[in-house]
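Enquirer:
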Amino acid sequence: MNYLPYAVAAWLFLIGLYGVVSSRHLIHLIICVGVIQSSSYVLLLSIGYKTGRVAPIFSDIPASTPAVDPVMQALMLTDIVVEVTVMALLLGLAVQIHKRHGTLNPDRLTGISG
Amino acid sequence: MTEKILQYLILVFVAAGATGVVFTRNPTSQAIVVSFYGLILAILFFVFQAPDVALSQIVVGALALPLMILLALARIKKQGPKS
Amino acid sequence: MTRAVRRILFLVAGATLAWTFFLAYSPMPPLGSVQSRYGDAVNAITVPERHITDAVTAVNFDIRGFDTLGEEFILFTSVLGTVLLMRRQKDEPAGDHEDKAPGRVIPRVSDAIRVTSLALVPVTILFGLYIVTHGQVSPGGGFQGGVILASAPVLVYLCAEYKEFRSLLPLRLVAVAECIGAAAYILVGGLGLVLGGIFLQNVLPLGQNGSITGGGIVALIDLGVGMEVGGGLSLALLVYLEELVEEKEE
Amino acid sequence: MLPVLPVALPLLTAAVLAALSKVISERLSQLIAIASTLTVLAANLYLLKLSSSQPIVYWFGNWRPRHGLALGISFVIDPIGAGLGAFAALLTVAAFLFSSEYFDSVGNHFHALMLAFLGSLCGFSLTGDLFNLFVFFELMSAAGFALCGYKTDDPGSVQGALNFAVTNTIAAYFVLTGIGLIYSRTSALNLAQIGRSLPSGPLDALVLVGFVFLVCGYLVKAAIVPFHFWLADAHAVAPTPVCVMFSGVMVSMGLFALARIYWSAFDPSLHSHVPALRVLFVGAGVITAFVGAFMCYIQRNLKRLLAFSTISHIGLMLIGIGLFSPEGLAGTAIYSIGHGLVKGSLFFVAGILLHRFKGIDEQDLHGKAAGQWATGIVLLLGSIGLAGIPFSGLATGHDMIAAAGHEAGMNWLSWVFVFAGAVTSAAVLRTGGHIFLGWGSAKEQNQAPKHEEKPETKAGHGRTPATMFLPAAGLAVAGLSLGALPYIQQTTFAAADRFENSHAYIARVLDAAPFPTLRNESASPDEWPMGLLTAFAGLAIAAADLATSGKRTISAILAAPIDLLHRLHSGHIGDYVTFLVLGMGSFALVFVYCLR
């Protein structure tokens, strides 16, 4: 059971990839990319977590209280906000693709090949 | 002990939620499912002692991202099947 | 490749990756027992050396502040790219299409929703500002507060007609605010360079423990990031709305 | 203040230009952008000189290591990193010049995005922190996606940009997973710190997979087979100045990341496995060189052809790094600069053709550019530079890598260079013969799918502006004479030798210890005939192809495999991701089972 977080992280990565590969709609595909990213959240979160320790916020508790790893949380935090803007960019590309090709099905996009 | 059980339970929810997101093939309903998934992730962060990240995940994952998806979809719908 | 071939190939590929994950994760320490020399060191210095009671904020805006500078510019660049992608093809100046269909109401919403949303706008802004400024004390900071601030324009959009919305929130102003927020980080870094000799050095006097100005330059960076995130994200949302409304008006 | 300038200045300028985009004219915006880039160039060159005897370590926010524990983020500046940064700035200047009459309304956003891109390239080459490397990688990606999709009215453009964006974003999550794995073992993000703590733990699958995820994630950016699919799509559709940046310097950054991560963090634990590593990475490089060369030859869209030639040459550069010797790394450093110059010039030629004739399809333009002597000569210079004739940067790089291969007992490596150089150079020469001289048949004989390319300029098609021609000619001449620079071999070798001195690097970063003197002596190779041979082989292949066109050509004999290759490069994002996963998974498994 102690390995459940890692198993979940691996599962999120794989299922997200499956979604990307099998997608029939670019918006769906982009959301699946987001699922892959949540895999890294779960991984970083579990690495930073320490049993029996509190959140690294010392407003109401003594500064010497053992706390979980703030570094991993800091990495996740910035990543979440960056994710949403990268998503905005990807969605913008999808909107433009629809405008130019009239479809969002990757199987029907034939602008480039060879 | 209860904390541990809660953590594992939510981890299972996360795995199930992600699976749900991937297998919801209709993007509009997917935006709603993603919103729920974002919320579950936020709860996960909370029970893993990461309130900062949880707050950020609530506003981004459960609100901003689904909104953006819906806006993009509305935009695409307006364009019609072939321009 | 046909769908079937791709699916089979992916099953093979996914199996190799799954096996890789299994190999990589099995030597991991069980949950909750990973050693954290770095994290413990950071926890030990945040309060005594920086008077910041939220260690995550201390990492983001001071100890590893340079990462956040980069992250902020990822956001800046992505928003710039989104605006570029959603721009009008013919270089028509923004803003003249309001007159094309005067009086057209875009979202027909009930007055009850309108009033509620309007009342929520100042509350949202206040809450966003609170979160931005209290990042050093409690969970929150420029990133989270910025996102909350960015939701205010959406509320305005929900409750107002498009024309009013435009006059309430000129896009240009939002864009400029975003750029100022982005530039602010580098300028604060430059302040450290000028006064202390090192980029991003925390040269301002530290305030009281647990106050919103405890961490010296962190308060400034927090504000700048809040402005950048709030401006950038609302800009990203607004260009989608803008395009949407335009289509309806045509 | 010097160490932060290459990152802070372009980013600040980008923010200012974006803020003022409606206030100042495009011309002014361009001038500011060029001035800023030139300053970055000068700063990087000065850093290169300052760091020649030992790396400069700069701790942001003055968070120095305490008791050997790194707290903050450091830049660790050495001549190779600073040199790459300087080269990125040089190409950016050329791209800005070229674009001055390029887009009808290039818009100030173009300059802001290019500057953000430059800032990310410099940050990437100077940083000494694993997560900071990732941050600049993401910044590079974000700016790259936007720049790639800049021509939003071009259907291929947005699709290529999406393929680029999705594959590279997934690659970024592999990198992030790798960072997590390594952090769980070392509790460190600083590369030197990781290098110091890794050997104290076992060398198990966790560390090995972490290394593979990190390295392969960055190799997606470098477009190593089978991670290469996005590159041709992105290059073929991006605006010409952006292609120059992508091909010239962005792909080399992926290889630089491999070198940086390996020698800063992993060499102490993996050093005894170098023979196995050598087989794996040289093997990947050889395959990439062959696939790229072959795909290059069967293209008809000039930009796509050049993109595949980039893949081929990046494979050659990977060989240099994969030999894990100072000679090889130095060879790759020179080779990548030489290649960037020559390839940049060739992309500019493609841009000029697109400007003049509103297309870059080899068959469509058959004989159309007759009389364009100046542009044709630049194309000729570029193609013989691509073959690596003596005195070019590629020749010197080739010689050094071949010498490193000789030392490692791989004498045949030189022939891979000859093959890839000759084929890619022949492909360019062939298009030159078709387009500029009207040689060969005008009939459609190339089976490659045709791509519509929208013109990027709207006026002045009757002439070639000097701002377009000069960057093209300048880069070609620079690329052809790079190898003739005095002492370039010795100084690069010295830099590479220091770059690979992991123990000295770690002690320098964490304990501020002085750097020792050189460990090795340069073998100073001398293999001119190979460069000449490659150039002649290239000429011969192109001439044979042009002379026999319409009859049984190479493409007729190899119709079946060519068809298969065309179909593999389907432009379908699902296919690309499948290959990415397959490559990542199998490489990781091979790695773990070979080294454990």
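Chains as they are written, first to last, in this note's numbering: chain A, 1 to 114; chain B, 1001 to 1083; chain C, 2001 to 2250; chain D, 3001 to 3596. Where is the CB? At the ideal position from N, CA and C, for every residue including glycine.
So that I know if they touch, is there some Cβ in chain C lying closer than 7 Å to that of I3170/D?
Expert: With 7 Å as the cut-off, I3170/D does not count as an interface residue toward chain C.
Enquirer: With a threshold of 7 Å between beta carbons, is V1021/B in contact with chain C?
Expert: Closer than 7 Å: no.
Enquirer: When burial is assigned at 16 or more other CB atoms within 10 Å of the CB, is F3256/D buried or exposed?
Expert: F3256/D should be labelled buried.
Enquirer: Please say whether T3177/D and F3213/D have beta carbons closer to each other than 7 Å?
Expert: Against a cut-off of 7 Å, the Cβ pair of T3177/D and F3213/D comes out as a contact.
Enquirer: For P3326/D versus D3497/D, is the C-beta spacing smaller than 7 Å?
Expert: In contact: P3326/D and D3497/D (Cβ atoms closer than 7 Å).
Enquirer: Would the beta-carbon of A3387/D fall within 7 Å of that of A3535/D?
Expert: Yes. Within cutoff.
Enquirer: Quick one: give me the first and last residue of the alpha helix (DSSP H) that W2019/C is part of.
Expert: Residues 2003-2025.
Enquirer: If you drop the 5 nearest sequence neighbours on each side, which residues of the same chain put their C-beta closer than 6 Å to that of T1002/B?
Expert: Counting only Cβ-Cβ distances below 6 Å, and skipping sequence neighbours, we find nothing.
Enquirer: Counting only Cβ pairs nearer than 8 Å, list the residues of chain D close to A94/A.
Expert: Under the 8 Å cutoff, chain D gives L3162.
Enquirer: Where does F3227/D land, buried or exposed, given buried means 16+ other C-beta within 10 angstroms?
Expert: That one is buried.
Enquirer: Would you kindly work out how many angstroms separate the C-alpha atoms of I27/A and L91/A, rounded to a whole number?
Expert: So the two alpha carbons sit approximately 7 Å from each other.
Enquirer: Closer than 9 Å, Cβ to any Cβ of chain C: which residues of the region 3555-3582 of chain D, in chain order?
Expert: Listed by position, the residues of the region 3555-3582 of chain D near chain C (Cβ gap below 9 Å) are R3567, L3568, S3570, H3572, G3574, D3575, V3577, T3578, F3579, L3580, V3581, L3582.
Enquirer: Would you list, in sequence order, the uninterrupted alpha helix (DSSP H) runs of no fewer than 4 residues that lie entirely inside the region 1018-1061 of chain B?
Expert: Counting only runs of 4 or more, we get 1027-1047, 1051-1057.
Enquirer: Which value, in whole angstroms, describes the spacing of the CA atoms of P5/A and A3018/D?
Expert: Rounded to the nearest angstrom, the two C-alpha atoms are 43 Å apart.
Enquirer: Report yes if the C-beta distance between A3420/D and L3316/D is below 7 Å; otherwise report no.
Expert: Yes; because the gap between Cβ atoms is below 7 Å, this pair is in contact.
Enquirer: Quick check on DSSP: helix, strand or coil for W3059/D?
Expert: It is a strand residue.
Enquirer: Please find out if some non-hydrogen atom of the ligand SAH comes closer than 6 Å to the beta-carbon of S39/A.
Expert: In terms of ligand content, the structure shown is empty, and the ligand SAH therefore cannot be addressed.
Enquirer: Would you mind sorting L3379/D into buried or exposed? The rule is 16 or more other CB atoms within 10 Å of its CB.
Expert: Buried, because 16 or more other Cβ atoms sit within 10 Å of the Cβ of L3379/D.
Enquirer: Assign I2008/C to buried or exposed, taking buried as 16 or more other Cβ atoms, counted over all protein chains shown, within 10 Å of its Cβ.
Expert: Answer is exposed; the Cβ neighbour count stays below 16.
Enquirer: How would you list, in chain order, the residues of chain D whose beta-carbon sits under 8 Å from the beta-carbon of P106/A?
Expert: Those within 8 Å of P106/A in chain D are H3572, I3573, G3574.
Enquirer: Kindly say whether G52/A, judged by its beta-carbon, lies nearer than 7 Å to any beta-carbon of chain B.
Expert: So, not an interface residue.
Enquirer: Measure the alpha-carbon distance for T3424/D versus N3132/D and round it to whole angstroms.
Expert: Roughly 36 Å separates the two Cα atoms.
Enquirer: DSSP puts D2054/C in a beta bridge; with which residues?
Expert: DSSP lists I57/A as partners of D2054/C.
Enquirer: Let me check one thing: in DSSP terms, what residues is I3077/D bridge-paired to?
Expert: I3056/D, per the DSSP bridge assignment.
Enquirer: I need the DSSP call for A3238/D, collapsed to helix, strand or coil.
Expert: If DSSP states are grouped into helix, strand and coil, A3238/D belongs with coil.
Enquirer: Under the assumption that G2142/C contacts V2225/C (Cβ atoms under 8 Å), give the Cβ distance between them as a whole number of angstroms.
Expert: With a Cβ gap of about 3 Å, G2142/C and V2225/C count as contacting.
Enquirer: Considering only C-alpha positions, which residue in the set V3251/D, S3052/D, C3243/D, L3318/D is nearest to L3277/D?
Expert: Taking only the C-alpha atoms, the option nearest L3277/D is L3318/D.
Enquirer: By Cβ distance, which residues of its chain are closer than 8 Å to A9/A, with the 5 residues on each side in sequence left out?
Expert: The answer, listed in chain order, is S39, S40, V42, L43, S46.
Enquirer: Which residues bound the alpha helix (DSSP H) around D3563/D?
Expert: Start and end: 3559-3568.
Enquirer: Using a Cβ-Cβ distance under 7 Å, would H3273/D count as near chain C?
Expert: No, H3273/D does not count as interfacial toward chain C.
Enquirer: Against V1014/B, what residues of chain C qualify as contacts under a CB-to-CB distance less than 8 Å, listed in chain order?
Expert: Those do not exist, as V1014/B stays about 14 Å from chain C at its closest Cβ, beyond 8 Å.
Enquirer: Considering H3339/D, what are the terminal residues of the alpha helix (DSSP H) in which it resides?
Expert: Unbroken alpha helix (DSSP H) run through H3339/D: 3326-3357.
Enquirer: Taking the alpha-carbon positions, what's the L3437/D to G3367/D distance?
Expert: Computed Cα separation, rounded: 6 Å.
Enquirer: Look at the alpha carbon of A2024/C and the alpha carbon of L3589/D, and state the distance between them as a whole number of angstroms.
Expert: Rounded to whole angstroms, A2024/C to L3589/D spans 10 Å at the Cα level.
Enquirer: Could you list which residues in chain C have their beta carbon closer than 9 Å to that of G48/A, in chain order?
Expert: The contacting residues are V2034, S2036, G2039.
Enquirer: Can you tell me which of the three DSSP states N3501/D falls into?
Expert: N3501/D falls in the coil class under three-state DSSP.
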